[in-house]
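With our numbering applied, the sequence shown has no gaps in its numbers, which climb one by one up to 223 at the end.
Where is the CB? At the ideal position from N, CA and C, for every residue including glycine.
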Amino acid sequence: MISNLGREAYMEAYPVPSANGGKVLYPLNCDNFSYIVVSKNCENPEAAMKCINFYAHLEKEGIADGMSQEEILSYFNIDHAAQVLRVQDPNLDRDTFLVASQAAAAGDDSALSSTKQTQAYTDIKNFLDSGDSAAVGGYMLWAPYKSAYSVAEPIIASGDVIKNKVWAITPEAVAQMGTTLDDILTEGFTKIITGEVPVDYFDTLVEEWRTAGGDTATKEVNEMYGS
(Lines of atoms letter the chains of each structure in order from A and count residues from 1; the text may use other names and numbers.)
(Lines give C-alpha, C1' and ligand atoms only; values in the text may rest on other atoms or scores of the structure.)
Protein backbone atom coordinates (compact mmCIF):
# COMPACT_ATOMS: atom_id res chain seq x y z
CA MET A 1 0.00 0.00 0.00
CA ILE A 2 2.81 2.42 0.88
CA SER A 3 4.56 1.70 -2.44
CA ASN A 4 1.36 2.48 -4.35
CA LEU A 5 0.10 5.49 -2.40
CA GLY A 6 3.36 7.11 -1.26
CA ARG A 7 2.68 10.17 0.89
CA GLU A 8 -0.96 9.20 1.28
CA ALA A 9 -0.11 5.94 3.07
CA TYR A 10 1.14 6.89 6.48
CA MET A 11 -0.34 7.54 9.90
CA GLU A 12 -0.17 10.80 11.83
CA ALA A 13 0.36 10.93 15.60
CA TYR A 14 -1.91 12.90 17.92
CA PRO A 15 -1.99 13.31 21.71
CA VAL A 16 -4.62 11.40 23.65
CA PRO A 17 -7.59 13.70 24.34
CA SER A 18 -8.72 14.23 27.91
CA ALA A 19 -11.99 12.59 28.90
CA ASN A 20 -12.83 15.26 31.49
CA GLY A 21 -10.71 18.29 30.63
CA GLY A 22 -7.99 17.33 33.09
CA LYS A 23 -4.36 16.50 32.47
CA VAL A 24 -3.58 13.28 30.60
CA LEU A 25 -0.68 11.21 31.96
CA TYR A 26 1.13 8.86 29.61
CA PRO A 27 2.52 5.47 30.73
CA LEU A 28 6.29 5.15 30.84
CA ASN A 29 7.78 1.65 30.80
CA CYS A 30 11.26 0.43 31.64
CA ASP A 31 12.97 -0.67 28.43
CA ASN A 32 15.23 -3.28 30.03
CA PHE A 33 14.23 -6.48 28.25
CA SER A 34 17.41 -8.52 28.11
CA TYR A 35 20.56 -9.09 30.11
CA ILE A 36 24.09 -10.08 29.23
CA VAL A 37 25.79 -12.73 31.37
CA VAL A 38 29.23 -14.22 31.00
CA SER A 39 30.24 -17.66 32.22
CA LYS A 40 33.02 -17.76 34.80
CA ASN A 41 34.77 -20.16 32.41
CA CYS A 42 34.74 -17.67 29.54
CA GLU A 43 38.28 -17.06 28.28
CA ASN A 44 37.59 -13.52 27.03
CA PRO A 45 34.75 -11.97 29.07
CA GLU A 46 35.84 -8.50 27.94
CA ALA A 47 34.59 -9.35 24.43
CA ALA A 48 31.01 -8.72 25.55
CA MET A 49 31.84 -5.16 26.62
CA LYS A 50 33.77 -4.56 23.41
CA CYS A 51 30.72 -5.57 21.36
CA ILE A 52 28.44 -3.32 23.41
CA ASN A 53 30.82 -0.37 23.12
CA PHE A 54 31.16 -0.95 19.38
CA TYR A 55 27.38 -0.79 18.93
CA ALA A 56 27.18 2.44 20.94
CA HIS A 57 30.07 3.89 18.95
CA LEU A 58 28.41 3.10 15.62
CA GLU A 59 25.16 4.65 16.73
CA LYS A 60 26.72 7.89 17.94
CA GLU A 61 30.10 8.44 16.32
CA GLY A 62 30.13 6.26 13.21
CA ILE A 63 29.33 9.08 10.81
CA ALA A 64 31.89 11.39 12.45
CA ASP A 65 34.52 8.69 11.99
CA GLY A 66 33.99 8.71 8.25
CA MET A 67 31.94 5.54 7.91
CA SER A 68 29.22 5.59 5.29
CA GLN A 69 25.60 5.14 6.32
CA GLU A 70 25.50 1.87 4.34
CA GLU A 71 28.46 0.49 6.31
CA ILE A 72 26.90 1.43 9.63
CA LEU A 73 23.51 -0.01 8.73
CA SER A 74 25.15 -3.28 7.72
CA TYR A 75 26.48 -3.60 11.27
CA PHE A 76 23.08 -2.68 12.70
CA ASN A 77 21.42 -5.41 10.65
CA ILE A 78 23.85 -7.93 12.13
CA ASP A 79 23.15 -6.62 15.61
CA HIS A 80 19.40 -6.86 15.16
CA ALA A 81 19.84 -10.62 14.83
CA ALA A 82 21.47 -10.56 18.27
CA GLN A 83 19.57 -8.00 20.34
CA VAL A 84 21.43 -9.08 23.45
CA LEU A 85 24.35 -6.82 22.44
CA ARG A 86 22.21 -3.71 22.12
CA VAL A 87 22.52 -1.05 24.82
CA GLN A 88 20.86 2.27 24.08
CA ASP A 89 21.18 5.71 25.64
CA PRO A 90 17.70 6.50 27.07
CA ASN A 91 17.94 10.06 25.73
CA LEU A 92 19.11 9.02 22.25
CA ASP A 93 15.73 9.03 20.53
CA ARG A 94 14.70 12.36 22.03
CA ASP A 95 18.01 13.99 21.09
CA THR A 96 17.72 12.52 17.61
CA PHE A 97 14.28 14.06 17.11
CA LEU A 98 15.29 17.48 18.41
CA VAL A 99 18.29 17.74 16.10
CA ALA A 100 17.04 15.90 12.99
CA SER A 101 13.60 17.52 12.87
CA GLN A 102 15.05 21.01 13.20
CA ALA A 103 17.63 20.21 10.55
CA ALA A 104 14.94 18.94 8.18
CA ALA A 105 12.71 21.96 8.77
CA ALA A 106 15.62 24.28 8.02
CA GLY A 107 17.04 22.18 5.18
CA ASP A 108 20.44 22.34 6.85
CA ASP A 109 22.26 19.18 7.94
CA SER A 110 25.31 20.90 9.44
CA ALA A 111 24.16 20.30 13.03
CA LEU A 112 23.86 16.52 12.64
CA SER A 113 26.40 14.83 14.89
CA SER A 114 25.44 11.16 15.16
CA THR A 115 24.60 8.21 12.96
CA LYS A 116 21.02 8.08 14.13
CA GLN A 117 20.48 11.80 13.56
CA THR A 118 21.79 11.44 10.02
CA GLN A 119 19.55 8.46 9.33
CA ALA A 120 16.49 10.27 10.74
CA TYR A 121 17.23 13.40 8.70
CA THR A 122 17.67 11.34 5.54
CA ASP A 123 14.36 9.54 6.07
CA ILE A 124 12.49 12.81 6.62
CA LYS A 125 13.97 14.42 3.51
CA ASN A 126 13.51 11.36 1.30
CA PHE A 127 9.87 11.00 2.24
CA LEU A 128 9.13 14.71 1.80
CA ASP A 129 11.04 14.96 -1.47
CA SER A 130 9.85 11.82 -3.22
CA GLY A 131 7.44 9.90 -0.98
CA ASP A 132 10.08 7.18 -0.66
CA SER A 133 8.30 4.14 0.81
CA ALA A 134 11.51 3.00 2.49
CA ALA A 135 11.61 6.27 4.45
CA VAL A 136 8.02 6.39 5.67
CA GLY A 137 8.83 4.67 8.99
CA GLY A 138 11.54 7.19 9.83
CA TYR A 139 9.32 10.07 8.76
CA MET A 140 6.52 8.88 11.04
CA LEU A 141 8.98 8.79 13.94
CA TRP A 142 11.10 11.91 13.46
CA ALA A 143 9.25 14.45 11.29
CA PRO A 144 8.81 17.96 12.76
CA TYR A 145 5.01 17.72 12.74
CA LYS A 146 2.47 14.97 13.53
CA SER A 147 5.18 12.35 14.08
CA ALA A 148 5.49 10.12 17.12
CA TYR A 149 8.27 12.18 18.68
CA SER A 150 6.77 15.56 17.80
CA VAL A 151 3.82 14.53 19.98
CA ALA A 152 5.97 12.91 22.66
CA GLU A 153 8.45 15.80 23.08
CA PRO A 154 6.13 18.31 24.83
CA ILE A 155 4.75 15.50 26.99
CA ILE A 156 8.26 14.55 28.12
CA ALA A 157 9.28 18.19 28.59
CA SER A 158 6.28 18.89 30.83
CA GLY A 159 6.68 15.65 32.80
CA ASP A 160 3.15 14.44 32.04
CA VAL A 161 4.09 10.79 32.47
CA ILE A 162 3.45 8.05 34.98
CA LYS A 163 5.99 5.29 35.46
CA ASN A 164 5.04 1.66 35.35
CA LYS A 165 5.54 0.17 38.81
CA VAL A 166 7.39 -2.77 37.27
CA TRP A 167 10.66 -0.91 36.71
CA ALA A 168 13.21 -3.69 37.12
CA ILE A 169 12.56 -7.33 38.01
CA THR A 170 9.25 -8.68 36.73
CA PRO A 171 7.14 -10.55 39.31
CA GLU A 172 6.66 -14.22 38.45
CA ALA A 173 2.91 -13.95 37.85
CA VAL A 174 3.39 -11.03 35.46
CA ALA A 175 6.11 -12.92 33.58
CA GLN A 176 3.92 -16.01 33.25
CA MET A 177 0.58 -14.35 32.47
CA GLY A 178 1.59 -10.96 31.10
CA THR A 179 1.07 -11.78 27.42
CA THR A 180 -2.32 -13.40 28.08
CA LEU A 181 -3.48 -10.44 30.14
CA ASP A 182 -2.31 -7.97 27.51
CA ASP A 183 -4.11 -9.92 24.79
CA ILE A 184 -7.37 -9.81 26.74
CA LEU A 185 -7.16 -6.03 27.05
CA THR A 186 -6.09 -5.48 23.45
CA GLU A 187 -8.95 -7.60 22.10
CA GLY A 188 -11.47 -5.96 24.41
CA PHE A 189 -10.37 -2.40 23.65
CA THR A 190 -10.42 -3.17 19.92
CA LYS A 191 -14.00 -4.41 20.15
CA ILE A 192 -15.05 -1.24 21.98
CA ILE A 193 -13.25 1.08 19.54
CA THR A 194 -14.69 -0.65 16.46
CA GLY A 195 -18.20 -0.64 17.92
CA GLU A 196 -18.49 -4.41 18.07
CA VAL A 197 -19.52 -4.07 21.73
CA PRO A 198 -20.88 -1.09 23.69
CA VAL A 199 -18.62 1.11 25.83
CA ASP A 200 -20.00 -0.35 29.06
CA TYR A 201 -18.45 -3.69 28.01
CA PHE A 202 -15.38 -2.23 29.71
CA ASP A 203 -16.68 -3.42 33.09
CA THR A 204 -16.98 -6.98 31.76
CA LEU A 205 -13.50 -6.71 30.27
CA VAL A 206 -12.04 -5.75 33.63
CA GLU A 207 -13.63 -8.78 35.28
CA GLU A 208 -12.29 -11.08 32.55
CA TRP A 209 -8.81 -9.62 33.05
CA ARG A 210 -9.00 -10.07 36.82
CA THR A 211 -10.26 -13.65 36.52
CA ALA A 212 -7.48 -14.56 34.05
CA GLY A 213 -4.83 -13.61 36.62
CA GLY A 214 -4.97 -9.85 36.81
CA ASP A 215 -5.63 -9.84 40.56
CA THR A 216 -2.70 -12.16 41.21
CA ALA A 217 -0.39 -10.08 39.03
CA THR A 218 -1.51 -6.87 40.74
CA LYS A 219 -0.93 -8.40 44.18
CA GLU A 220 2.61 -9.49 43.30
CA VAL A 221 3.49 -6.11 41.80
CA ASN A 222 2.24 -4.38 44.93
CA GLU A 223 4.18 -6.72 47.17
CA MET A 224 7.41 -6.22 45.20
CA TYR A 225 7.18 -2.48 44.52
CA GLY A 226 4.72 -1.17 47.09
CA SER A 227 1.01 -0.49 46.68
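Between Y22 and V12, the alpha-carbon positions lie close to 9 Å from each other. Sequence-distant partners of N160 (beyond 5 residues in either direction) whose C-beta falls short of 7 Å from its own C-beta, in its chain, are P23, L24, N25 and C26. About 7 Å separates the Cβ atoms of A96 and L108, confirming a contact at the 8 Å cut-off.
Boundaries around L24 are those of the beta strand (DSSP E), Y22 to L24, since no alpha helix (DSSP H) includes it. In the DSSP annotation of this structure, I165 is not part of any alpha helix (DSSP H), being labelled neither H nor E. Assigned with DSSP and collapsed to three states, K142 falls in coil, not helix or strand. Beta-bridge partners of V157 (DSSP): Y22. The C-beta distance from W163 to L181 rounds to 20 Å, too long to meet the 8 Å contact threshold. Boundaries of the alpha helix (DSSP H) harbouring D91: L88 to A102, taken from the DSSP string.
Assigned with DSSP and collapsed to three states, I188 falls in helix. For the 8 Å CB-CB criterion, P150 and E216 do not form a contact.
Bounds of the alpha helix (DSSP H) holding S126 are T111 to S126. Remark: C-beta atoms of K187 and E8 do not approach each other more closely than 8 Å.
The residue among Q172, T92, G127 and I152 with its C-alpha nearest the C-alpha of W138 is T92. A distance below 6 Å between beta-carbons, with the five flanking residues on each side excluded, links A131 to the following residues of its chain, in chain order: D119, N122 and F123. With a threshold of 16 other beta carbon atoms within 10 Å, A171 falls short and is exposed. A direct Cα-Cα distance of roughly 8 Å separates Y117 from D105.
For N16, there is no enclosing alpha helix (DSSP H), since its DSSP letter is neither H nor E.
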